[in-house]
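Residue numbers (our numbering): 846 to 1218.
Below, the structure is given as structure tokens:
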């Protein structure tokens, strides 16, 4: 018998959907609720490293992910000069194993839809547009409509601003990193077949990632500033102006930036619950427990690993014991801490205009996450 029979997952993002799928496949009754009215995630594209793909294959969605996304195995470094000169082409470590690509880019709402469809097919009972209004450590939940229900376990996978984390009294909140990022989702130039990064110029990083046969996710990282009061048209003009310093494929990308609705701006934040992520019969995973700037593109991968390890333990053990929680903390906290700290270090080097051992740090993290979580 699994350690739990009846579970509530709060949050329908990657971590929540993955946990729900694995538990439902293991015979657990799972409810999933999300405050959003629909599954479609905001945002543009997402970069998935091999260790994320390894979990997605375990979820039974790899074939659909591969068909919808764009896989590649190299990383390009380009100069911010008038030609966008390619300086180096690096072969990425296949952190998910030799039979999976090193990296795959895809449209973020497509990933969300694939995971929720898979959860529904696995028997997860999904309700959008609703959320808990009350929660006790023994798993009693009061919903916004007044319904009360007791669960063996509540999994808080409700993101950076996690209601569940605050309800547990965990006084840890995401803190600004000092950088902001412009993102867009647009047409893929034929010359873009992998991620290329431009370091230098008016932005710390100018990059892009193919997300499908005809689409890319492009981004520009700058000092954090108040961009949130800009109108959509002003935001588009600002991103186009910043992109004007970069050439090569950026010349084609810039010409496609015509739709204000395709541009968004967010500030980098980071946090880590540096201790057990559970309180009583409630546990936090994904962005509710940890977050980092996307300098290593490991955010989704770490969230998916949280879900996979938690589900493995819940299905392997026959009770929620201290030993189960100790193993969960032991397998996830140190690994997540390393990724968060390394992601922050890369950002600090850029903010300080220090060279730093970027290749060495990235290689160390890649070798770590290549090992099963």
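Glycine included, every Cβ here is placed at the ideal spot set by N, Cα and C.
Give the straight-line distance between the Cα atoms of residue i and residue j, rounded to the nearest whole angstrom.
i            : j            : result
residue 1024 : residue 1141 : 15 Å
residue 954  : residue 884  : 8 Å
residue 922  : residue 1209 : 19 Å
residue 963  : residue 942  : 23 Å
residue 1170 : residue 1088 : 47 Å
residue 1177 : residue 1005 : 18 Å
residue 1015 : residue 1050 : 34 Å
residue 911  : residue 950  : 10 Å
residue 961  : residue 1131 : 16 Å
residue 978  : residue 972  : 15 Å
residue 890  : residue 904  : 21 Å
residue 896  : residue 1207 : 14 Å
residue 1058 : residue 1033 : 8 Å
residue 935  : residue 1043 : 14 Å
residue 1111 : residue 1148 : 20 Å
residue 1159 : residue 1009 : 20 Å
residue 861  : residue 928  : 44 Å
residue 1067 : residue 1195 : 10 Å
residue 1019 : residue 859  : 19 Å
residue 992  : residue 857  : 20 Å
residue 980  : residue 987  : 6 Å
residue 1204 : residue 1073 : 33 Å
residue 898  : residue 1150 : 10 Å
residue 1242 : residue 1139 : Only positions 846 to 1218 of the chain appear in the structure, and residue 1242 is not among them; the question remains open.
residue 915  : residue 989  : 40 Å
residue 1202 : residue 866  : 39 Å
Would you check if the distance between the CB atom of residue i and the CB atom of residue j is smaller than 8 Å?
i            : j            : result
residue 900  : residue 1027 : no
residue 1053 : residue 1071 : no
residue 906  : residue 959  : yes
residue 997  : residue 984  : yes
residue 965  : residue 870  : no
residue 969  : residue 853  : no
residue 893  : residue 948  : yes
residue 1218 : residue 1180 : yes
residue 1029 : residue 1063 : yes
residue 1113 : residue 1022 : yes
residue 1191 : residue 1039 : no
residue 1048 : residue 1065 : yes
residue 938  : residue 1197 : no
residue 1011 : residue 945  : no
residue 850  : residue 873  : yes
residue 1146 : residue 1007 : no
residue 1031 : residue 1061 : yes
Using a Cβ-Cβ cut-off of 6 Å (strictly less than) and excluding sequence neighbours within five positions of residue i, which residues of its own chain qualify?
i            : result
residue 1137 : 1115, 1185 and 1188
residue 1017 : 1116 and 1118
residue 1081 : 1105 and 1108
residue 995  : 984 and 985
residue 846  : 1163
residue 882  : 973 and 974
residue 1174 : 1121
residue 1097 : 1034
residue 1165 : 848
residue 913  : 951 and 955
Looking only at its chain, what residues have a beta carbon closer than 7 Å to the beta carbon of residue i, apart from the 5 residues adjacent to it on each side?
i            : result
residue 930  : 923 and 924
residue 1168 : none
residue 1124 : 982 and 1013
residue 909  : 959
residue 864  : 854, 1000, 1002, 1130, 1152, 1155 and 1156
residue 1078 : 1105
residue 1085 : 1099 and 1102
Which residues does DSSP pair with residue i in a beta bridge?
i            : result
residue 1251 : Look at the range of the chain in this structure, 846 to 1218, and you will see that residue 1251 is not part of it.
residue 1109 : 1028
residue 917  : 948
residue 1053 : 1041 and 1063
residue 1048 : 1045
residue 908  : Partner(s): none; residue 908 has no beta bridge.
residue 890  : 952
residue 985  : 995
residue 934  : 921
residue 874  : 851
residue 970  : 876
residue 1128 : 1000 and 1123
residue 977  : 988
residue 1117 : 1135
Below 8 Å on the Cβ atoms is my contact criterion, and I expect residue i with residue j to pass it. Report the Cβ-Cβ distance as a whole number of Å.
i            : j            : result
residue 1155 : residue 1128 : 7 Å
residue 1101 : residue 952  : With 8 Å as the limit, residue 1101 and residue 952 do not qualify as a contact, their Cβ atoms being about 15 Å apart.
residue 1094 : residue 1037 : 5 Å
residue 976  : residue 880  : 4 Å
Just to confirm my understanding: we take residue i, look at its own chain, exclude 5 residues before and 5 after, and list those with CB closer than 8 Å. What are they?
i            : result
residue 926  : 1092
residue 1183 : 1210 and 1213
residue 1046 : 925, 1090 and 1091
residue 933  : 921 and 922
residue 1200 : 1194
residue 1144 : 1132, 1136 and 1137
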